[in-house]
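Report on one structure; see the data block that follows.
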Amino acid sequence: MRVLLTGSAGFIGAAVAEALEARGDEVVRVDVMLPMAHGATGAPEGTHALDVREAATSAAWAGLLRGVDAVCHQAAVVGAGVTVADLPAYAGHNDLGTAALMAAMHEAGVQRLVQASSMVVYGEGRYTCPEHGEQVPGVRGREDLEAGRFDNPCPVCGGPLAWALVDEDARLEPRSSYAASKVAQEHYATAWVRQADAAAVSLRYHNVYGPGMPRDTPYSGVAAMFRSSLERGEAPRVFEDGEQMRDFVHVSDVARANVASLDAVLEAPAGHHRAYNVASGHPVGIRRVAELVAEGTGRDLAPEVTGGYRLGDVRHIVASPERARVELGFSAEVLPEVGLPAFATAPLRA
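Just so you know, UniProt numbering puts 245 at position 245 of the sequence shown, and the rest follows in order with no gaps.
Given below as structure tokens:
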């Protein structure tokens, strides 16, 4: 299989490339090398430094797509969005870039796509009330967050809601600029497969961590930020009360999910678009994440639970990995209790 891989210099893209090449597939590596993710470093050897936003009009892109069996689209601006000024970057790189890539693929006759999405498309997770069953909570207000009222109340009785696993048929309700851009990417994929007689898979990554992550930046993952604090001899700072639940999935498992999806999409019928959660299947609280990373460093630094918050954050979001297990044959192999302590000493991108 010949795969064009965008975002190939990122830590997820690099892991996908390694997994594909290990089994003998040919990988065409492309990355624009955004400074926020890569610093001032140039493109690695063998990587084409091209901007995906120019894919539909660039002769270079047309040449690279020739003879490709499938595209694995990892290129994206990531993170929660630091300021409102980030909105054009998300819309440009993630949405315009994806649309331009799909147009270029159609022109080149490439009809199979695997696209990196995110669990942020769901917004809040799934919740149940002991008395009133499944409920959809409203957006958490600033006043409640300031007062330390972090849990979502039942909209019927005001009692506490319990979290439950979110499957891929859940509503999409983005709460940040990044999340809105990922929903748009999936909607473009749905339109593209119909118009282009193509097939696509969207992989909704949960919190990805592992070797090669960028160091402590506003666009880095929370596990990397905890590690950076520990390396400075500082206690990792945990927002809210630290009890917010997430799923952390190792980058090697994400690479395996991409390989399985590429195999599946090659066999999929025209007009097919399917989304899959990519998760470990072992939920963990954010304070526990900080504790596990600290254990791996050997430093006796308990997390500092700050009570702070970010308006774009949701309380709980925990995925069901069942569809990926049944349809792709994918289950994560690295559990957070093992992977997060090991991550504490894994090499990171400077």
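Every residue, glycine too, gets a C-beta built ideally from N, C-alpha and C.
Residues that DSSP places opposite residue i in a beta bridge
i	result
Arg-246	Val-284
Ala-319	Val-166
Tyr-127	Gln-135, Trp-163
His-106	Its beta-bridge partners do not exist; DSSP assigns none.
Cys-72	Leu-5, Val-114
Tyr-209	His-250
Val-238	Val-305
Pro-88	DSSP lists no partner for Pro-88.
Pro-347	None; Pro-347 has no bridge partner.
Thr-47	Arg-29
Pro-174	Paired residue(s): none; Pro-174 is not in a bridge.
Residue i burial status per 10 Å Cβ neighbour count (16 or more: buried)
i	result
Gly-97	buried
Val-139	exposed
residue 356	Nothing about residue 356 can be read from this structure; the chain reaches only from 1 to 350.
His-132	exposed
residue 399	There is no way to answer for residue 399, as the model of the chain reaches only from 1 to 350.
Leu-5	buried
Pro-35	Residue placement at Pro-35 cannot be trusted, given a pLDDT of 48 that sits under 50; what the coordinates show is reported in the next sentence. Label assigned to Pro-35: exposed.
Pro-347	exposed
Cys-154	buried
Glu-234	exposed
Pro-160	exposed
Cys-157	exposed
Pro-303	buried
Gln-74	buried
Pro-88	exposed
Arg-112	buried
Gln-195	exposed
Thr-47	buried
Val-28	buried
Val-201	buried
Glu-291	buried
Pro-214	buried
N- and C-terminal bounds of the beta strand (DSSP E) containing residue i
i	result
Leu-203	199-205
Ser-118	112-118
Ala-275	272-278
Arg-2	2-6
Glu-26	26-30
Residue range of the unbroken alpha helix (DSSP H) whose run includes residue i
i	result
Leu-145	142-146
Val-183	177-195
Ala-224	222-231
Val-254	251-267
residue 351	Coverage of the chain is limited to positions 1 through 350, which leaves residue 351 absent and any answer about it impossible.
Phe-150	From DSSP, Phe-150 is part of no alpha helix (DSSP H); its letter is neither H nor E.
Val-338	336-343
Leu-65	59-65
Contact belief for residue i with residue j at Cβ below 8 Å, rounded distance in angstroms
i	j	result
His-206	Val-259	At roughly 18 Å, the Cβ-Cβ gap does not stay under 8 Å, so His-206 and Val-259 are not in contact.
Arg-142	Leu-311	7 Å
residue 353	His-272	Nothing about residue 353 can be read from this structure; the chain reaches only from 1 to 350.
Ala-17	Ser-252	The pair is not a contact, with the Cβ atoms about 13 Å apart (cut-off 8 Å).
Ser-331	Arg-323	At roughly 12 Å, the Cβ-Cβ gap does not stay under 8 Å, so Ser-331 and Arg-323 are not in contact.
Arg-204	Val-278	6 Å
Phe-226	Val-289	7 Å
message: Any contact between the segment 261-270 and the segment 335-345? By contact I mean 3 or more CB pairs, one from each, below 8 Å.
response: Three or more beta-carbon pairs separated by less than 8 Å are not found between the segment 261-270 and the segment 335-345, which leaves the two stretches without contact.
message: I want to know whether the segment 115-129 touches the segment 304-323 - three or more CB-CB distances under 8 Å.
response: Cβ pair count under 8 Å is three or more, so yes.
- prompt: Are the segment 220-231 and the segment 291-298 in contact at 8 Å, needing three or more beta carbon pairs?
  reply: Contact between the segment 220-231 and the segment 291-298 is established, with three or more Cβ pairs separated by less than 8 Å.
message: Using 8 Å as the cut-off, can you tell me whether the segment 241-257 makes contact with the segment 173-181, which would need three or more C-beta pairs spanning the two stretches below that distance?
response: No contact exists between the segment 241-257 and the segment 173-181.
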